[in-house]
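See structure below.
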Amino acid sequence: MGRGQNLYFRIYNMVRRVPRGRVATYGQIAALIGSPRSARVVGWALRALEPDTKVPWQRVINKDGMISIENMHTPKSVQVELLRREGVEVAERQGNFWVELNHYLWRP
DNA sequence: GGTTTGACCCTAA
DNA sequence: ATTAGGGCCAAAC
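Just add 57 to wherever you are in the first sequence, counting from 1, and you've got the working numbering.
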C-alpha cells in the first residue's frame, strides 16, 4: 500500500460523512482531510471507486455546483439520477447540470 | 527515473 | 463578469 492509498482512504472516509440530500465540493473534501491543495486527487480517488461501492461519490461536485464527472463508465446522467433520488434538486443549463450550493452544500 | 494527465481551484487580466 | 494560465499531487504512461 503506497502513500497515496492512505490519502485515498481519508478521502473515502470523509465522503462517507456527507449526509444524504447534501453535496460537498472536491476542494472542500480536500480541505477537510487536511490536504487543501489536493482537490484534483479527490477526483482521482472517486474515479477509482468500484461501481458497487458504498462511498456516496455522487455527493461530490465542483466549486461552481456543476456536475463535472468525466468517466466513460458512469455518465453525468447517473450522478444526476442518484442525487435527485435523494432529494437534491439538479437543474440543467446548456447541457450541463448544476446544484444550488446555497441550499445543498454540506456544512459540517 | 521523467513526463503527461486529470470527476480541481485560485489568481490575474 | 468571464476567461487564460498556472499550481497542485497521485496515477498513468
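Ideal Cβ positions, reconstructed from N, Cα and C, are used throughout, including at glycine.
Keep in mind that this is a model prediction, so the values were computed, not measured.
| message | Tell me which residue opens and which closes the alpha helix (DSSP H) that R142 is part of. | response | K133 to R142
| request: Pull up the distance between the alpha-carbon of L139 and that of W155, whole angstroms please. | output: Cα to Cα, L139 sits roughly 14 Å from W155.
| CA nearest to the CA of P113, picked from A148, P132, Q136 and R150 | Q136
| query | E107 bridges to which residues according to DSSP? | reply | DSSP, once it has assigned bridges, lists no residue as partnering E107.
| field | Per DSSP, the bridge partner or partners of I86 | value | In DSSP, I86 forms no bridge with anything.
| said: Quick check on M58: does DSSP put it in helix, strand or coil? | reply: With a pLDDT of only 46 at M58, under 50, the local geometry of the prediction cannot be trusted, and the value read off the model is given with reservation. M58 falls in the coil class under three-state DSSP.
| request: Inspect the CB distances between the region 89-98 and the region 121-131 and report whether three or more fall short of 8 Å. | output: no
| Beta-carbon separation (whole angstroms), K120 vs G84, contact threshold 8 Å | 6 Å
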